[in-house]
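A short write-up of the structure that comes next.
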Amino acid sequence: MTARTAETTRPAETRMPNPPVIDLLRELESLGTERNRRIYRRHGVTSEQYGVSLADLRRLARRIGTDNALAIELWDSGNHDARVLATLIADPRRTPRQLLDDWVADVDDHVVSELVAGFVAQTPHALDAVASWTAGHRDLEIATGWSTLAHLALSSEEIHDDLFVAYLAAIEAELHASPDRARHSMNGALIAIGCRNERLRGLALETARRIGRVEVDHGATARETPDATAHIQKVWARRCARSNGRAKSHADGAEPSSTGRQV
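All letters in the sequence shown, in the order written, are residues 33 to 295 by my numbering.
Right, dumping it as structure tokens:
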């Protein structure tokens, strides 16, 4: 047998199964700190938690890989850190619509709300979820819906602009009468839509001007709700500066030297 034949017939490396959920919960507990628990409590986390940093949770998620069954078990534990980890290892392609509704019904703090939104935006049910949740009655459900829309505005190129135009009208009509967390997420969606393309930038800036100042109570945290107009303009100014820098670099590279060759 040649070396090449031996190489091609070598059995594929099998991946070790992930540990049971009870072992993962023990590992999460060992990674938690009192400092993080205090920070999360200030940010509205009232459920059981270990205080694991998001950096540690992301490292753990990379080790685990995608595991839908384990994600469901972690979520069902009710532990804050376990639920954050669940959003990082669940498979967006294999998650049924009903499970998303179950998860958003359980969301009880804005940290998990925003992570659920980031996950939902990757699923084929994202637009249905946005339509349902933004029309909901519970503050964090509405907030999760608008945060999902913000993710879609920044990441999903195939969605037609008209959908975002309609949501701009809804933001303008509903923002000031919406609950606290929802206002923050609606403002975030307004910013994301304004960063999507030139046409939506103009419409979002007009919407932001008519809405005016957005007041949100962030409690004892240092968090602030950004001014939509200033934030959109800052993002586009950075893009313009990068574009000009690339254009200048290209032009400089095309200048001929004294020998007639390009520098």
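Glycine residues also receive a C-beta, built at the ideal position from the N, C-alpha and C atoms.
Item to complete: Please name the residue in 272, 87, 88 and 110 whose C-alpha comes closest to that of residue 54.
Response: 110
Practice prompt. Over the uninterrupted alpha helix (DSSP H) stretch that includes residue 226, give me the two end residues.
Written response: 212-226
Item to complete: Could you give the DSSP three-state label for residue 199: helix, strand or coil?
Response: helix
Worksheet item: Should the segment 114-123 be called in touch with the segment 139-157, which here means at least 3 C-beta pairs below 8 Å?
Response: yes
Item to complete: Just list the alpha helix (DSSP H) runs in the segment 224-250, keeping only unbroken ones of 4 residues or longer that don't cross its boundaries, in chain order.
Response: 230-243
Fill in: alpha helix (DSSP H) segment containing residue 298, residue limits
In the structure as shown, the chain starts at 33 and stops at 295, and residue 298 therefore has no counterpart that could be examined.
Worksheet item: Just checking, does the segment 217-236 make contact with the segment 261-279 on the three C-beta pairs under 8 Å criterion?
Response: yes
Practice prompt. Within 10 angstroms of the Cβ of residue 192, are there 16 or more other Cβ atoms? Answer buried if so, exposed if not.
Written response: exposed
Worksheet item: Which same chain residues, not among the five before or five after residue 153, have their C-beta less than 6 Å away from its C-beta?
Response: 180, 183 and 184
Discussion item. Taking the alpha carbon of residue 171 as the reference point, which residue from 159, 187, 138 and 190 has its own alpha carbon closest?
Written reply: 138
Worksheet entry | Whether residue 83 touches residue 64 by CB criterion (8 Å) | yes
Practice prompt. Figure out for me which residue from 157, 186 and 206 has the closest Cα to the Cα of residue 167.
Written response: 206
Worksheet item: If you draw a straight line from the C-alpha of residue 186 to the C-alpha of residue 260, how long is it?
Response: 15 Å
Discussion item. Only counting the same chain, and skipping five residues up and downstream in sequence, which positions put a Cβ closer than 6 Å to that of residue 4?
Written reply: Residue 4 lies beyond the residue range present for the chain, which begins at 33 and ends at 295; the question has no answer from this structure.
Worksheet entry | Cβ pair residue 71, residue 97 closer than 8 Å | no
Discussion item. Checking 8 Å against the spacing of the C-beta atoms, do residue 131 and residue 56 come in under that value?
Written reply: no
Worksheet item: Smallest Cα separation from residue 49: which of 78, 95, 59 and 233?
Response: 95
Worksheet item: From residue 161 to residue 177, what does the alpha carbon distance come to, in whole angstroms?
Response: 7 Å
Practice prompt. Identify whether residue 261 lies in helix, strand or coil by the three-state DSSP scheme.
Written response: helix
Practice prompt. Given a cut-off of 8 Å, decide if residue 200 and residue 235 are closer than it, judged by their beta-carbon atoms.
Written response: yes
Worksheet item: Where do the N-terminal and C-terminal ends of the alpha helix (DSSP H) with residue 72 fall, by residue?
Response: 66-74
Worksheet item: If you draw a straight line from the alpha carbon of residue 251 to that of residue 239, how long is it in whole angstroms?
Response: 27 Å
Worksheet item: Under a Cβ-count criterion, where at least 16 other Cβ atoms within 10 Å of its own Cβ denotes burial, should residue 220 be classed as buried or exposed?
Response: buried
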